[in-house]
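A.B. asks: After the C-alpha cells below, expect a handful of questions from me.
Number of protein chains: 2
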Amino acid sequence: MALIVQKYGGTSVGSIDRIDAVAEKVSRFRNNGDDVVVVVSAMSGETNRLTALAHEVMEQPTPREMDVLLSTGEQVTIALLCMALEKRGYGARSFTGGQVRILTDDAHTKARIREIDSSRMHAQLQQGNVVVVAGFQGVDENGNITTLGRGGSDTTAVALAAALEADECQIYTDVKGVYTTDPRVVDDAKLLHSITFEEMLELASLGAKVLQIRAVEFAGKYKVPLRVLSTFEEGSGTLITLEEEAEMEDPAIAGIAFERDEAKLTVAGVPDVPGIAYKVIGPVSEAGIEVDVIVQNAAADGSNDITFTVKRAESDKAKEILDTVATSLQAAAVILDKKICKVSLVGVGMRSHAGIASKMFKALAEENINIEIITTSEIKISVVIEEKYLELAVRALHSAFELGETETKNIPD
Amino acid sequence: MALIVQKYGGTSVGSIDRIDAVAEKVSRFRNNGDDVVVVVSAMSGETNRLTALAHEVMEQPTPREMDVLLSTGEQVTIALLCMALEKRGYGARSFTGGQVRILTDDAHTKARIREIDSSRMHAQLQQGNVVVVAGFQGVDENGNITTLGRGGSDTTAVALAAALEADECQIYTDVKGVYTTDPRVVDDAKLLHSITFEEMLELASLGAKVLQIRAVEFAGKYKVPLRVLSTFEEGSGTLITLEEEAEMEDPAIAGIAFERDEAKLTVAGVPDVPGIAYKVIGPVSEAGIEVDVIVQNAAADGSNDITFTVKRAESDKAKEILDTVATSLQAAAVILDKKICKVSLVGVGMRSHAGIASKMFKALAEENINIEIITTSEIKISVVIEEKYLELAVRALHSAFELGETETKNIPD
Chain G
1 MALIVQKYGG TSVGSIDRID AVAEKVSRFR NNGDDVVVVV SAMSGETNRL
51 TALAHEVMEQ PTPREMDVLL STGEQVTIAL LCMALEKRGY GARSFTGGQV
101 RILTDDAHTK ARIREIDSSR MHAQLQQGNV VVVAGFQGVD ENGNITTLGR
151 GGSDTTAVAL AAALEADECQ IYTDVKGVYT TDPRVVDDAK LLHSITFEEM
201 LELASLGAKV LQIRAVEFAG KYKVPLRVLS TFEEGSGTLI TLEEEAEMED
251 PAIAGIAFER DEAKLTVAGV PDVPGIAYKV IGPVSEAGIE VDVIVQNAAA
301 DGSNDITFTV KRAESDKAKE ILDTVATSLQ AAAVILDKKI CKVSLVGVGM
351 RSHAGIASKM FKALAEENIN IEIITTSEIK ISVVIEEKYL ELAVRALHSA
401 FELGETETKN IPD
Chain A
414 MALIVQKYGG TSVGSIDRID AVAEKVSRFR NNGDDVVVVV SAMSGETNRL
464 TALAHEVMEQ PTPREMDVLL STGEQVTIAL LCMALEKRGY GARSFTGGQV
514 RILTDDAHTK ARIREIDSSR MHAQLQQGNV VVVAGFQGVD ENGNITTLGR
564 GGSDTTAVAL AAALEADECQ IYTDVKGVYT TDPRVVDDAK LLHSITFEEM
614 LELASLGAKV LQIRAVEFAG KYKVPLRVLS TFEEGSGTLI TLEEEAEMED
664 PAIAGIAFER DEAKLTVAGV PDVPGIAYKV IGPVSEAGIE VDVIVQNAAA
714 DGSNDITFTV KRAESDKAKE ILDTVATSLQ AAAVILDKKI CKVSLVGVGM
764 RSHAGIASKM FKALAEENIN IEIITTSEIK ISVVIEEKYL ELAVRALHSA
814 FELGETETKN IPD
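Residue numbers (this note's numbering), protein chains in the order written: chain G, 1 to 413; chain A, 414 to 826.
Listed below in C-alpha cells is the structure:
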C-alpha cells in the first residue's frame with residue numbers, strides 16, 4: 001500500500017486498446033491497495049497533428065496560442081483514460097495542468113514548474129479515486145496555459161511525485177528499463193536492476209535516451225525514487241536511486257553510452273596565447289551550436305591545435321564560422337571530420353576503483369582501435385574514435401568489464 | 414465604434430482556410446474601430462470524432478470526463494483563430510470557458526451559466542486585443558470543466574454579450590438570416606430585416622432552425638440585440654429586437670414555420686370525466702415523450718376523444734403506452750396517424766390585426782386542404798394537416814399574406 005505516480009507516454013496511450021491496457025495496469029495497483037496518480041501524454045501522433053495545423057496558419061505560431069493548442073492533446077487522453085477506469089468500476093478524476101494546479105513561469109512552450117498544489121489530488125485519493133493528470137502542461141500566475149516543452153510529461157510526473165511525497169515515480173515506456181548498453185549493438189546487454197541518478201544523467205545525456213534528462217535532474221534534486229519500466233512487458237524495470245542507497249557490491253561500471261552523430265573540428269596552428277580557446281570556441285557557441293568534448297594541445301614548437309566535437313548536423317555551420325575565425329587568427333587550417341563517434345563508460349564505482357581507464361584503453365588497443373580524444377569526469381570516461389569502430393568498441397568494452405547477462409550469471413551470489 | 418460579440422459555428426471554422434476567412438472578417442471590424450469578442454465552436458467534425466473515441470472506450474461515457482474531452486474541440490479553434498489574427502498583425506488572446514471565467518452549475522454535458530467575470534475580457538479589449546473565447550464550455554464552482562450541450566456556443570455568445578453589455582451579438586451561420594419561411598419550399602421567401610424575440614422563439618421552436626432557442630431566450634431576457642447573418646456571404650442579416658422596437662408598418666405576419674416529422678395520436682371513446690386528459694397524456698409525458706398540440710373534444714353523446722401530436726420517431730412508443738392506457742380506461746380505440754405535419758403562422762402583429770385566422774383558413778380551403786387540428790396562441794396559429802399538403806399549404810399561405818420578395822417590392826415606400 002503505497003502512493004505511486006505513474007507516467008505513460010504517447011505510444012503507451014496511442015490507441016483506445018492501449019488506453020484500455022493502461023487502465024488494466026493501473027487497476028492492478030488499485031487492487032493491491034495502492035493510491036495511484038497517473039500522468040499521461042497526448043496520444044502518439046496528436047501533438048504532430050496539432051503542430052501541423054498551427055503551421056498551416058502561420059510559420060512561427062504565437063507561443064501563447066501554441067500552448068493553448070498543444071495542451072488539448074493530453075486533455076483528450078486524461079478524459080479517455082478516466083472513462084476506461086470508470087468502465088472497470090474504479091473511481092477516476094481527470095485534471096489538466098491548470099486544474100491541479102501546476103504553477104509555472106510564463107515562458108510559453110518551455111515553461112518551468114514553480115509550485116504544485118497537491119491538496120486537490122490528496123482529496124481525490126482519499127475518496128478512493130485514481131487521479132489522472134495531463135502531462136506537459138501548467139498555468140502561469142495569470143492563468144495562461146503553458147507547456148513544459150516536448151517530453152515534459154516525465155517532468156510533470158516527477159514534480160507531482162515530489163509534491164505528493166510519493167513512494168515511487170514510475171515512468172512507463174517502450175523499453176524494459178535501462179540497459180548496460182544498447183541491446184541492438186550488444187546482444188547480451190543486461191537490464192540494470194538499479195542505477196544512481198548521476199549515472200542515469202550521464203547515460204541519458206550520452207545517448208541512452210530512456211528518460212528526459214530534466215526529469216532525472218528533478219528527481220535527483222527532490223530525492224524522488226524513480227523507476228523506468230515497460231508498458232507492454234512485465235518486469236520491475238530499473239530503479240534510479242540516490243547514490244547512498246547503491247549496493248556495496250555494485251560493479252564499477254553501470255553502462256556504456258555512445259553517440260553516433262558527432263563530428264570533430266580542429267583548428268590547427270593557432271597562436272598559443274591566453275584567451276585563444278575562447279576566441280575559437282566563443283563564436284561557435286554564440287551561434288547556438290552545442291560544443292562537447294574540447295581538447296587544446298600546445299606543441300613544443302609553440303603551435304597550438306584546438307579540437308572539439310559538435311553534433312554532426314551542425315558541423316557544416318560550425319566549419320563556416322571557424323573558417324572566418326581562422327582567417328582573422330591566421331590559423332593554419334580548419335579540419336572537419338564527420339566520421340567519428342563517442343563512446344563512454346559510466347559508473348559511480350569509478351571513484352573507488354582504480355585502473356578503469358587503463359583497462360578501457362587496453363581493451364580498445366587489443367582491437368586496434370585508435371583513440372582520437374579522451375576526456376574524463378568523476379564518473380565517466382569518454383573516447384572519440386572513428387565511427388566505423390563504434391559497435392566493435394562497445395562490444396569489446398561490454399565484454400572487458402563483464403557487463404553482460406552471461407558474465408553476471410557466472411558470478412555466484 | 415462599438416463592442417461586438419461574434420459567434421462562428423463549426424462549419425464557419427471547419428478548415429484552416431475558413432479560420433483565415435473568419436480572421437479576415439474580424440479584422441474588418443477592428444479596422445472600423447470596433448472592439449471584438451469572438452466565440453467559436455469546434456471545427457466541424459471534431460466533436461463527432463471525440464464523441465466516437467469516447468464511445469469506443471465505453472457505451473455511456475462518464476459525463477464529467479465527456480466534458481473534459483469535448484471541451485478540447487473549441488480550445489483548438491480559439492488557438493488557431495488567434496494565430497490567424499496575429500498573422501494579420503492584430504493582437505489576439507484566446508480563453509477557454511474556465512479562463513474567462515464562465516461559471517456554470519455542475520450539470521455535466523448540459524450545464525447552465527450562472528455568472529461571467531468580464532474583467533479579464535475588458536482588460537484585453539482595452540489593450541487593443543481581440544478576445545477569442547471557446548464556446549459551449551465553462552467551469553463549475555469547484556473548477557471542473559462543464560459543457561453547455563450541443564449548440565451551446567450560441568448561448569455562450571449571448572451570455573458574453575450580456576455580461577460585457579455589448580452593443581450587438583452577431584451569430585454567423587451558413588444562412589443569410591431568418592426568412593419568412595424555408596426558401597427550399599417557397600422560392601421567393603424573403604429575408605427578414607428584423608424580427609422580435611417572441612417571433613423568433615416561435616419560428617425556431619417550430620422548425621426554422623437558425624438559432625439555438627436557449628440563446629434566443631437568453632438574449633430576450635437580457636435584452637441583447639442579436640443578429641443572425643452569413644459567414645460566407647455579405648449582408649446585414651436579420652436583427653432580432655425587442656417588441657417595442659419593432660417598426661409600426663411591420664406586417665402582421667413575420668413568417669411561416671412548419672414541422673414535418675410529426676405524428677397524431679387519438680384515443681377515442683374515453684369517458685368524459687374530470688382528470689381524463691391527465692390519465693391519457695400523463696403516462697406518455699412521464700415516458701419522456703414530448704407532447705405538442707392537444708385537443709379534447711367531448712361529443713354530445715357523452716363520448717370523448719383526446720387527440721395530440723408527438724415527434725414521429727417517438728410515436729410507436731407512445732402508441733404502445735396508450736394501448737395499455739386505453740385498455741384500463743375501456744376506451745374504444747387508439748389511432749396513430751404518421752402522415753401529418755404542422756404549419757404555423759407567426760407574428761406579433763396578430764395581436765392588433767383581426768381576421769388573420771379566417772384569412773388562413775380561407776387560403777387553405779381554396780386549395781382543398783383539410784385542417785385536422787387548430788391551435789392558437791397570442792402570436793401564432795398552427796394547423797395540423799396531411800403531410801402531403803405541406804408544401805402546397807406553405808406556398809398558399811406565403812402568397813395569401815404577401816410575404817414574398819415580389820409582393821413586397823410592389824408596395825410603394
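Quick reminder that beta carbons are idealized off the backbone N, C-alpha and C, glycines included. Please read these numbers as outputs of a predicted model, since none were measured by experiment.
Would you tell me roughly how many angstroms separate the C-alpha atoms of A189 (chain G) and G255 (chain G), rounded to the nearest one?
C.D. replies: Here the question's residue 189 (chain G) lines up with position 189 in the first sequence. Here the question's residue 255 (chain G) lines up with position 255 in the first sequence. Computed Cα separation, rounded: 9 Å.
A.B. asks: Between the region 63-80 of chain G and chain D, which residues of the former have CB atoms less than 9 Å from a CB of the latter, in chain order?
C.D. replies: You won't find chain D in this structure, because its protein chains are G and A.
A.B. asks: Report yes or no: is there a C-beta of chain A within less than 8 Å of the C-beta of V57 (chain G)?
C.D. replies: As a working note, residue 57 (chain G) is residue 57 in the first sequence. Interface residue, yes.
A.B. asks: Using a Cβ-Cβ cut-off of 8 Å, state whether Q99 (chain G) counts as contacting chain A.
C.D. replies: Sequence index remark: in the first sequence, residue 99 (chain G) carries index 99 (1-based). Chain A contact via Cβ: present.
A.B. asks: Which two residues bound the contiguous beta strand (DSSP E) that contains R673 (chain A)?
C.D. replies: The residue labelled residue 673 (chain A) in the question sits at position 260 within the second sequence. Note, R673 (chain A): beta strand (DSSP E), G668 to A681.
A.B. asks: List, in chain order, every chain A residue whose beta-carbon is nearer than 7 Å to that of C169 (chain G).
C.D. replies: On the first sequence, position 169 is the one that residue 169 (chain G) refers to. Those do not exist, as C169 (chain G) stays about 24 Å from chain A at its closest Cβ, beyond 7 Å.
A.B. asks: Report yes or no: do three or more beta-carbon pairs, one from the region 313-327 of chain G and one from the region 350-359 of chain G, lie closer than 8 Å?
C.D. replies: The region 313-327 of chain G, when compared against the region 350-359 of chain G, does not touch it at the 8 Å Cβ threshold.
A.B. asks: Return the first residue and the last residue of the alpha helix (DSSP H) that I213 (chain G) is part of.
C.D. replies: As a working mapping, residue 213 (chain G) is identified with position 213 in the first sequence. Its alpha helix (DSSP H) spans residues I213 to K221.
A.B. asks: M83 (chain G) versus chain A: which residues are under 7 Å apart at the beta carbon?
C.D. replies: Mapped onto the first sequence, residue 83 (chain G) falls at position 83. Within 7 Å Cβ-Cβ: A467, V470, M471, P474, T475 and E478.
A.B. asks: Decide if V481 (chain A) is buried, meaning its Cβ has at least 16 other Cβ atoms within 10 Å, or exposed.
C.D. replies: Taking the first residue of the second sequence as 1, we reach residue 481 (chain A) at position 68. When all chains shown are included, V481 (chain A) counts as buried.
A.B. asks: By Cβ distance below 6 Å, which residues in the same chain neighbour G427 (chain A) in space, the five residues on each side in sequence not counted?
C.D. replies: The residue given as residue 427 (chain A) occupies position 14 in the second sequence. Excluding residues within five positions, the ones whose Cβ falls inside 6 Å are M456 and S457.
A.B. asks: Rounded to a whole number of angstroms, what is the C-alpha to C-alpha distance between M83 (chain G) and Q512 (chain A)?
C.D. replies: Locating residue 83 (chain G) in the first sequence gives position 83, counting from the first residue. Locating residue 512 (chain A) in the second sequence gives position 99, counting from the first residue. One C-alpha to the other measures close to 25 Å.
A.B. asks: Taking E499 (chain A) as the query, report the chain G residues whose CB atoms sit under 8 Å from its CB, ordered along the chain.
C.D. replies: Start at 1 with the first residue of the second sequence, and residue 499 (chain A) comes out as number 86. In chain order: M58, T62 and E65.
A.B. asks: Between I653 (chain A) and G760 (chain A), how many whole angstroms is the CB-CB distance? I'm expecting something under 8 Å.
C.D. replies: The count along the second sequence starts at 1 and reaches residue 653 (chain A) at position 240. The count along the second sequence starts at 1 and reaches residue 760 (chain A) at position 347. Their Cβ separation, rounded to whole angstroms, is 14 Å, which puts I653 (chain A) and G760 (chain A) out of contact at 8 Å.
A.B. asks: With burial defined as no fewer than 16 other Cβ atoms inside 10 Å of the residue's Cβ, what is the status of G650 (chain A): buried or exposed?
C.D. replies: Taking the second sequence and counting its residues from 1, the one referred to as residue 650 (chain A) is at position 237. Its Cβ being crowded by 16 or more others within 10 Å, G650 (chain A) is buried.
A.B. asks: What residues are listed by DSSP as bridge partners for A333 (chain G)?
C.D. replies: In the first sequence, the residue the question calls residue 333 (chain G) occupies position 333. Note: A333 (chain G) sits in a beta bridge opposite G:A268.
A.B. asks: Helix, strand or coil, according to DSSP, for I411 (chain G) in the structure here?
C.D. replies: The residue labelled residue 411 (chain G) in the question sits at position 411 within the first sequence. Because the pLDDT at I411 (chain G) is just 38, under 50, the model does not fix this residue reliably, and the value given afterwards should be weighed accordingly. DSSP places I411 (chain G) in coil when its eight states are reduced to three.
A.B. asks: Could you tell me whether the Cβ of S118 (chain G) comes closer than 8 Å to any Cβ of chain A?
C.D. replies: Residue mapping note: residue 118 (chain G) aligns to position 118 of the first sequence, counting from 1. No, because no Cβ of chain A sits closer than 8 Å to the Cβ of S118 (chain G).
A.B. asks: Buried or exposed, going by whether 16 or more other CB atoms sit within 10 Å of the CB of D519 (chain A)?
C.D. replies: On the second sequence, position 106 is the one that residue 519 (chain A) refers to. Burial call: exposed.
A.B. asks: Rounded to whole angstroms, what is the Cα-Cα separation between G565 (chain A) and T517 (chain A)?
C.D. replies: Reading the second sequence from its first residue, position 152 is the one you call residue 565 (chain A). Reading the second sequence from its first residue, position 104 is the one you call residue 517 (chain A). Straight-line Cα distance between these residues: approximately 12 Å.
A.B. asks: Does DSSP put A298 (chain G) in a helix, a strand or coil?
C.D. replies: Start at 1 with the first residue of the first sequence, and residue 298 (chain G) comes out as number 298. Reduced to three states, the DSSP call for A298 (chain G) is strand.
A.B. asks: Just to check my reading of the structure: T309 (chain G) and E386 (chain G) have Cβ atoms closer than 8 Å, yes? What is that Cβ distance to the nearest angstrom?
C.D. replies: Start at 1 with the first residue of the first sequence, and residue 309 (chain G) comes out as number 309. Start at 1 with the first residue of the first sequence, and residue 386 (chain G) comes out as number 386. Not a contact, Cβ separation roughly 13 Å.
A.B. asks: What residues are listed by DSSP as bridge partners for L103 (chain G)?
C.D. replies: Start at 1 with the first residue of the first sequence, and residue 103 (chain G) comes out as number 103. Answer is G:E115 and G:V139.
A.B. asks: Let me know if P61 (chain G) comes out buried or exposed under the rule of 16 or more other beta-carbons within 10 Å of its beta-carbon.
C.D. replies: In the first sequence, residue 61 (chain G) corresponds to position 61, counting from 1. Classification of P61 (chain G): buried, given that the 10 Å Cβ count is 16 or more.
A.B. asks: Taking CB distances under 8 Å as the criterion, tell me whether I429 (chain A) reaches chain G.
C.D. replies: Numbered from 1 along the second sequence, position 16 holds the residue referred to as residue 429 (chain A). Yes, I429 (chain A) counts as interfacial toward chain G.
A.B. asks: Taking any Cβ of chain A, which residues in the region 140-156 of chain G have a Cβ under 7 Å from it, in chain order?
C.D. replies: Against chain A - using a Cβ distance shorter than 7 Å - the residues of the region 140-156 of chain G are G143.
A.B. asks: Compare the C-beta of S41 (chain G) with all C-beta atoms of chain A and state if any pair is closer than 8 Å.
C.D. replies: Position 41 of the first sequence holds residue 41 (chain G). No, S41 (chain G) lies away from the interface with chain A (no Cβ there is under 8 Å from its Cβ).
A.B. asks: Where does K561 (chain A) fall in DSSP's three states?
C.D. replies: The residue labelled residue 561 (chain A) in the question sits at position 148 within the second sequence. The question names Lys, but residue 561 (chain A) in the sequence shown is Leu. DSSP places L561 (chain A) in coil when its eight states are reduced to three.
A.B. asks: Which term fits K409 (chain G), buried or exposed, when burial requires 16 or more other beta carbons within 10 angstroms of its beta carbon?
C.D. replies: To locate residue 409 (chain G), count along the first sequence from 1; it is residue 409. Residue confidence is low: K409 (chain G) scores 40 on pLDDT, short of 50, so the model does not pin down where it sits. No coordinate-derived value is stated.
A.B. asks: Work out the CA separation of M763 (chain A) and G817 (chain A) for me, nearest whole Å.
C.D. replies: Mapped onto the second sequence, residue 817 (chain A) falls at position 404. Mapped onto the second sequence, residue 763 (chain A) falls at position 350. Roughly 18 Å separates the two Cα atoms.
A.B. asks: Spell out whether any CB of chain G is found under 8 Å from the CB atom of A457 (chain A).
C.D. replies: Locating residue 457 (chain A) in the second sequence gives position 44, where the first residue counts as 1. Contrary to the premise, residue 457 (chain A) reads as Ser rather than Ala in this sequence. No, S457 (chain A) does not count as interfacial toward chain G.
A.B. asks: Could you tell me whether any Cβ in chain A is nearer than 8 Å to the Cβ of I19 (chain G)?
C.D. replies: Position 19 of the first sequence holds residue 19 (chain G). By this cut-off, I19 (chain G) is an interface position.
A.B. asks: Report buried or exposed for D587 (chain A), applying the criterion of at least 16 other Cβ atoms within 10 angstroms of its Cβ.
C.D. replies: As a working note, residue 587 (chain A) is residue 174 in the second sequence. The residue is exposed, with fewer than 16 neighbouring Cβ atoms inside 10 Å.
A.B. asks: For F774 (chain A), does the three-state DSSP call read helix, strand or coil?
C.D. replies: Taking the first residue of the second sequence as 1, we reach residue 774 (chain A) at position 361. F774 (chain A): helix per DSSP, three-state reduction.
A.B. asks: Which residues mark the beginning and the end of the alpha helix (DSSP H) in which L397 (chain G) is found?
C.D. replies: The sequence position of residue 397 (chain G) within the first sequence is 397, counting from 1. That run of the alpha helix (DSSP H) goes L390 to A400.
A.B. asks: Closer than 7 Å by beta-carbon distance: list the chain A residues that pair up with S94 (chain G), in chain order.
C.D. replies: Against the first sequence, residue 94 (chain G) aligns to sequence position 94. Near S94 (chain G) (Cβ distances below 7 Å), the residues of chain A are E478 and V481.
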